[in-house]
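Worksheet: one structure, shown below.
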C-alpha cells in the first residue's frame with residue numbers, strides 16, 4: 140500500500156493556484172508541496188488536514204491509498 | 063594569533079547582534095524562507111568543501127594562515143541569519159515538517175560519514191602522512207560538507 144494524491148488536480152481545478160500560494164496558505168515551503176505532489180514526501184495528518192481545509196474538502200478526496208497495481212483502495216466505513 | 067582574536071571578536075559581535083536584534087522588524091521580515099534555508103546550506107557546503115580540499119593541500123598552513131577561520135565565517139554568518147529568522151517563532155514555524163524530516167536524515171547520514179572519515183583520517187595520520195593538527199579542521203569540514211550536501215540533496219529529491 141502506498142499513499143497517492145490528487146493535489147495537483149485540486150490546485151488546477153481551483154483556478155490554477157500556484158504551488159507557492161498553496162505553500163504560503165498552509166505554512167510550508169514550496170518544495171514541500173512539490174514533493175507531496177510527486178509522491179516523494181508523505182505529509183503529516185496535520186498538514187493533510189490543513190490542505191483539505193484550504194480546498195474546503197475532505198482529506199480522503201485529496202489523499203488516498205493505492206495498491207501495487209496503482210489501483211485506488213476503497214473501503215466502506217462499517218460503524219460510526 | 064591576533065587574527066584569531068579579531069575573528070573571535072567578530073563572531074561574538076555577530077551572536078550578540080543576533081540576540082539584540084532578534085525581535086526587530088528586520089528579523090521579523092526574515093520569515094521562514096525556503097531561499098534562506100537553501101542559501102544557508104549552500105554557503106556551508108561551499109565553505110566546508112573548499113576548506114576540506116585546502117586542508118589536504120596546505121596541511122598545517124591552513125591553521126597558521128587563518129584560512130580555516132575565514133572559511134568558517136561565511137557559514138557562521140549564514141547560520142546567524144537563520145537563527146535571527148527563527149528565534150521568535152514557535153517550533154512549528156521554525157522549519158516546516160519536510161525540512162525537519164530532511165534535517166534528521168542529513169544528520170544520520172553525516173554521522174555515518176564522519177565515523178568513516180575519522181577512520182580514514184586516523185589511518186593516514188597513523189601512517190605518518192600528516193600532522194595531528196589538521197585533525198579538527200578535516201573533521202569539522204567533513205561534518206559540515208556531509209550535512210549540508212546531504213540536506214540539500216534530500217530537500218530537493220526527498
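Chains as they are written, first to last, in the working numbering: chain A, 140 to 219; chain D, 63 to 220.
Cβ atoms here follow ideal geometry from the backbone N, Cα and C, with glycine treated the same way.
With contacts defined by Cβ atoms closer than 8 Å, residue 212 of chain D and residue 168 of chain D form a contacting pair.
Within chain D, the C-beta atoms nearer than 9 Å to that of residue 169 of chain A come from 96, in chain order. About 6 Å separates the CB atoms of residue 144 of chain A and residue 201 of chain A; that is less than 8 Å, so the two are in contact. In the three-state reduction of the DSSP assignment, residue 114 of chain D falls in the helix class, which pools H, G and I.
Taking a contact to require three or more Cβ pairs closer than 8 Å, the stretch 189 to 205 of chain D and the stretch 107 to 116 of chain D qualify as touching.
The C-beta of residue 188 of chain D has fewer than 16 other C-beta atoms within 10 Å across all chains shown, which makes the residue exposed. If you draw a 10 Å sphere on the C-beta of residue 206 of chain A, you find fewer than 16 other C-beta atoms in it, and that means exposed.
In the DSSP secondary-structure assignment, residue 141 of chain A is bridged to A:205.
Nearest in C-alpha terms to residue 147 of chain A, of all of A:157, A:203 and A:208, is A:157.
For residue 193 of chain A, not one C-beta of chain D is nearer than 8 Å to its own C-beta.
Taking one beta carbon from each stretch, the stretch 166 to 182 of chain A and the stretch 158 to 178 of chain D have 3 or more pairs nearer than 8 Å; the two touch. One Cα belongs to residue 180 of chain A, the other to residue 194 of chain D, and the distance between them is close to 43 Å. The criterion of a C-beta distance shorter than 8 Å is satisfied by residue 193 of chain A and residue 165 of chain A. Judged by their CB atoms, residue 110 of chain D and residue 210 of chain D are nearer to each other than the 8 Å cut-off.
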